[in-house]
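Number of protein chains: 2
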Amino acid sequence: MAVFTPGQVSEETGFSLDTLRYYERIGLLGNVGRNAAGQRRFTDGDVGWLNMIRCLRDTGMPIAEMLRFAELVRQGDHTIRDRIELLEAHDDGVEQQIATLRRRQGAIQHKIQYYKDVMAIPQGV
Amino acid sequence: MAVFTPGQVSEETGFSLDTLRYYERIGLLGNVGRNAAGQRRFTDGDVGWLNMIRCLRDTGMPIAEMLRFAELVRQGDHTIRDRIELLEAHDDGVEQQIATLRRRQGAIQHKIQYYKDVMAIPQGV
DNA sequence: CTGGCACCTGGAGTGTGCTCCAGGTCAAGA
DNA sequence: TCTTGACCTGGAGCACACTCCAGGTGCCAG
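Top line first, the protein sequences correspond to chains X and Y. Those letters in the first sequence? Residues 1 to 125, per UniProt numbering, in order. Those letters in the second sequence? Residues 1 to 125, per UniProt numbering, in order.
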């Protein structure tokens, strides 16, 4: 079973060393193993969880809600229904985020076109 | 020519009164008119600009960059080429944002499906 | 003439999510 | 043996974008 150093995990997940420690401190990442010298050694499972965190973070989930999700995971299999509910609600939120982004992007593109039209008008005679 | 009170503008644009004042203070919103009593009176132009701000903000543009854009607008028509450049760069960013969001959303949906599959396995005998 | 409301100002405070720092441990290579 | 580099801890600090507050003005309805 492979283990990873903090540096490797940082590299793989894109989280800084400080962020990894921060996530552990606040309980978003529980029970990271240590070697004899007290240094962290991450498992595949930890990395997988961090990749999940990455997805949730990048889609705008606040840390407080990720903590709720982490708590559900910690409580075991009987919370799977709740986890589905939480993720589906978040998925809907992401859908709306994208829709809003598209709408705003349309307005911005419209503005760009407006500027291009202004520039196309012959200046002077 | 229509003018609007702070309350009306807040209502229309979704920015709080404090945010409107804040934007004016930092120079994102220049030269808002006043009535005899010193109260703000916004023009159609102001509201239009705020709607632009809304688009840029909602698509993740930091205030510092909106200030750069505002400065270009203030400098007059010879900066239109720069404005197009700025907005097109931002538009590309939005495109990438959406792409990332979609990728992450895919992973989340995958996780939801995994949970659903787990639940579908008959428990016990 | 008295509320009550919308607004004003300058400045302080807040929430989120990290990020940095000082001072220390440990292991490996020159 | 010495140095370098990755890592450790607890706690302070920071960037961003607001948000709140105290104390005050102006105007209109009752």
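Built from N, CA and C at the ideal position, the CB exists for glycine as well. Model, not experiment: these values are computed from the prediction.
Measuring C-alpha to C-alpha distances from Gln8(X) to each of Leu28(X), Leu50(X), Ala37(X) and Gln123(X) identifies Leu50(X) as the nearest. Within chain X, no C-beta atom comes less than 8 Å from the C-beta of Ala70(Y); the nearest is roughly 14 Å away. Residues of chain Y with a Cβ closer than 9 Å to the Cβ of Val118(X) are, in chain order, Asp77 and Ile80. Taking the Cα positions, Arg103(X) is about 20 Å away from Arg104(Y). A Cβ-Cβ separation of about 11 Å leaves Asp92(X) out of contact with Gln109(Y) under the 8 Å criterion. Here the C-alpha atom of Tyr22(Y) lies approximately 16 Å from the C-alpha atom of Glu11(Y). Tyr114(Y) counts as exposed, since fewer than 16 other beta carbons sit within 10 angstroms of its beta carbon. Residue state for Phe4(Y) is assigned as strand, using DSSP reduced to three classes. When Cβ-Cβ separations below 7 Å define contact, Gln105(X) makes contact with chain Y. Using beta-carbon distances, Thr19(Y) does not count as an interface residue toward chain X, since no partner is under 7 Å.
Against chain X, the beta carbon of Gln109(Y) has neighbours under 8 Å at Asp91, listed in chain order. Scanning its chain for C-beta atoms nearer than 6 Å, with the 5 sequence neighbours on each side dropped, one finds around Phe4(X) the residues Phe42, in chain order.
Residues of chain X whose Cβ lies closer than 9 Å to the Cβ of Thr13(Y) do not exist; the shortest such Cβ separation is about 13 Å.
Runs of the alpha helix (DSSP H) spanning 4 or more residues and lying entirely within the region 41 to 107 of chain X occur at 44 to 58 and 63 to 75, in chain order.
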